[in-house]
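Below: one structure, written as structure tokens.
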């Protein structure tokens with residue numbers, strides 16, 4: 086869970102460093118969510 090929050094922080098920093106487009110952040114968050122779900126199925 087902490088990893089997802091860190092990715093959330095990175096997402097905010099990345100959007101703020103660019104044009105601050107909300108859709109850009111939504112696409113980034115969607116990618117992170119799908120990546121997290123795919124890795125949760127794999128053994129640690």
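In our numbering, the protein residues as written are 86 to 129. All C-beta atoms, glycine included, are put in the ideal place defined by N, C-alpha and C. Every value quoted in this text rests on a predicted model; they were computed, and no experiment measured them.
- With contacts defined as CB atoms closer than 9 Å, residue 99 and residue 121 fail to qualify as a contacting pair.
- When only Cα atoms are considered, residue 89 and residue 117 end up about 8 Å apart.
- Rounded to the nearest whole angstrom, the C-alpha separation of residue 112 and residue 125 is 20 Å.
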